[in-house]
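There are 2 protein chains.
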Amino acid sequence: MVEGAASGWREARRQSARDAIVDAAWELVRADGLAALSIRDLAKRAGITTPTIYAYFDSKHAIYDAMFGRAAAEFADRMTEPYGSENPRDVLVAGVERFVEFCTTDPARYQLLFQRPIPGFSPSSESFAPAVRALDASRQRLAVNRIVDPRHLDMWTALTTGLVDQQISNDPGGTRWSSLTEEVVDMFLTYCQTSQLAPRVPGPSKGERGGRDRQG
Amino acid sequence: MVEGAASGWREARRQSARDAIVDAAWELVRADGLAALSIRDLAKRAGITTPTIYAYFDSKHAIYDAMFGRAAAEFADRMTEPYGSENPRDVLVAGVERFVEFCTTDPARYQLLFQRPIPGFSPSSESFAPAVRALDASRQRLAVNRIVDPRHLDMWTALTTGLVDQQISNDPGGTRWSSLTEEVVDMFLTYCQTSQLAPRVPGPSKGERGGRDRQG
DNA sequence: GTCTATAGCTGGATAGAC
DNA sequence: GTCTATCCAGCTATAGAC
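Residue numbers (the numbering used here), protein chains in the order written: chain A, 1 to 216; chain B, 217 to 432.
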């Protein structure tokens, strides 16, 4: 940030104007859904006009990118806040509870972060960076529970996103699936511990598929 | 269908014209995504003009509803085809494998059936009926595995949709999550069997939430 | 940087001839 | 039922004055 310090306060004012636009964008999106965001409505909500929007953002996708960047930062901040326990299992449970709460309290944010609902939009690597940090922290919480098998990590993401997805899709505002967090975590831990103590050898399956290969 | 028999062949021709439009709609949606469907493109693809579309459907939502109805029928047909095994566990595994394959081979169909991606659209009860039949069959496959606790049923939907969601979102066309099906089923069965033999009593949690209530 | 005004396009849906 | 032609609304984005 050496050259940034030269015209720092100019850049700061520009940045705060950008932030105000992103604020308004999130308000609109929370109310009407991600796809319903329009530049006109956004300008109206922000108290400016549409050309002014384009003074700060090159395109609508650039706005989505800034929204993504803020959401990713919030996600990383929330997930890396200190956990009050030393017990690895309890930290894991608390992490999922935070994750579920983070997602369910703002479904639009969840959609933008973890699904791909905007045709043609992909977040820039800068906007994506904080999300990587958070996902790495999640990997570490699993590691202190001695879970490092890549297949188990994939199972973990399936379990947690499944809870979130069902909660948002089928019981918005309720706790029907989020209240299952503790049970799911214990199920998962029990399975991983036993399967690593005595690696499971699949018996002859009568299913419709052939045997599967166990990747490293 | 008594009064339908009177003008049966007229209705049949009308129905086949409707089917052709729905065919074209699914082709477009598979290629460009659910939200990208437009009446103009649809008419062009179907070899007719836009007013002709409105001779068969009252609105765009009515088209989505017909698309939903077909998808639900396909879903029910596929999921209720006979399973080649008598083993309850193997039937359960095969069911998930079918479910995952059904969803991943046509993500747009999955989205329309199981998520709510069209603002303002809800399927009519007639279109939804076949889906109910399929979900009930799923409930029965769990019941023969002695799984009837409502909480376990909810866990089950979270597990299966989690696998599908991760597979579609993060490895489209691959098998990174779908190949975990058998392990996930066994993890779930093991957990349910032990938890019903000896109901789990949660110890003092050091997590961030208070105790949870175990609903019936 | 901010505005007024508008270009240029695409969308759903319809009027009216045939 | 099917067409041509069109209405009207909404959208992103820009030109040009200030």
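Beta carbons are placed, not taken as given, at the ideal position from N, Cα and C, and that holds for glycine.
Self-check item: Per-residue burial, E182 (chain A) [other beta carbons within 10 Å of its own, 16 or more giving buried]
Solution: By the Cβ neighbour-count rule, E182 (chain A) is buried, with 16 or more other Cβ atoms within 10 Å of its own.
Quiz item: Are there 16 or more other CB atoms within 10 angstroms of the CB of G174 (chain A), so buried, or fewer, so exposed?
Solution: Residue environment: G174 (chain A) is assigned as exposed (fewer than 16 neighbouring CB atoms within 10 Å of its CB, all protein chains considered).
Practice problem: Identify which residue in B:V400, B:A251 and B:I264 has its Cα closest to the Cα of H277 (chain B). | Solution: Selected option, being the one with the closest Cα: B:A251.
Exercise. Write down every uninterrupted run of the alpha helix (DSSP H) in the segment 30-82 of chain A whose length is 4 residues or greater and which is fully enclosed by it, in chain order.
Key: For the segment 30-82 of chain A, the full-length alpha helix (DSSP H) segments reaching 4 residues or more read 39-46, 50-56 and 60-80 along the chain.
Practice problem: Look at the alpha carbon of W156 (chain A) and the alpha carbon of R357 (chain B), and state the distance between them as a whole number of angstroms. | Solution: So the alpha carbons of these two residues sit roughly 24 Å apart.
Quiz item: Between I264 (chain B) and P388 (chain B), what straight-line distance do the alpha-carbon atoms span, to the nearest angstrom?
Solution: Rounded to whole angstroms, I264 (chain B) to P388 (chain B) spans 34 Å at the Cα level.
Quiz item: Of the residues A:A72, A:S179 and A:D149, which one's Cα is nearest the Cα of T160 (chain A)?
Solution: Distances from the CA of T160 (chain A) to each of A:A72, A:S179 and A:D149 were compared; the closest alpha carbon is that of A:S179.
Quiz item: Under 7 Å Cβ-Cβ, which residues of chain A neighbour T406 (chain B)?
Solution: Under the 7 Å cutoff, chain A gives Y191.
Quiz item: Run through DSSP, which three-state label would T321 (chain B) get?
Solution: Coil at T321 (chain B), not helix or strand.
Quiz item: Closest by CA to L92 (chain A), which one among A:I147, A:R40, A:P107 and A:G33?
Solution: Measuring from the Cα of L92 (chain A), the nearest candidate turns out to be A:I147.
Quiz item: Counting only beta-carbon atoms, is N361 (chain B) nearer than 9 Å to chain A?
Solution: Output row for N361 (chain B): interface = no.
Quiz prompt | I334 (chain B) - DSSP class collapsed to helix/strand/coil | solution = The three-state secondary structure of I334 (chain B), taken from DSSP, is coil.
Quiz item: With distances taken between CB atoms, is the gap from S340 (chain B) to D281 (chain B) smaller than 9 Å?
Solution: Annotated as proximal: S340 (chain B) and D281 (chain B), with beta-carbon spacing under 9 Å.
Exercise. Would you mind stating whether F324 (chain B) and V245 (chain B) have Cβ atoms separated by less than 9 Å?
Key: Sequence inspection shows Ala at residue 324 (chain B); the Phe mentioned does not correspond to that position. The answer is yes: Cβ separation under 9 Å.
Quiz item: If you count every other CB in all the chains shown that lies within 10 Å of the CB of V132 (chain A), and 16 or more means buried, which is it?
Solution: So V132 (chain A) ends up on the exposed side.
Self-check item: Terminal residues of the alpha helix (DSSP H) in which R357 (chain B) lies
Solution: Start and end: S341 to A359.
Quiz item: By DSSP, does R362 (chain B) sit in helix, in strand, or in coil?
Solution: Coil.
Quiz prompt | Members of the segment 155-178 of chain A that neighbour chain B once the beta carbon cut-off is set at 7 Å | solution = Here the close residues are M155, T157, A158, L159, T161, G162, L163, D165, Q166, S169, R176 and W177.
Quiz item: Is F330 (chain B) close to chain A, meaning its C-beta is less than 9 Å from at least one C-beta of that chain?
Solution: Contact of F330 (chain B) with chain A is assigned, a C-beta pair being separated by under 9 Å.
Exercise. Identify the contact partners of V400 (chain B) in chain A, using a Cβ-Cβ distance below 8 Å as the criterion.
Key: Ordered by position in chain A, the residues that pass the 8 Å Cβ test against V400 (chain B) are M155 and A158.
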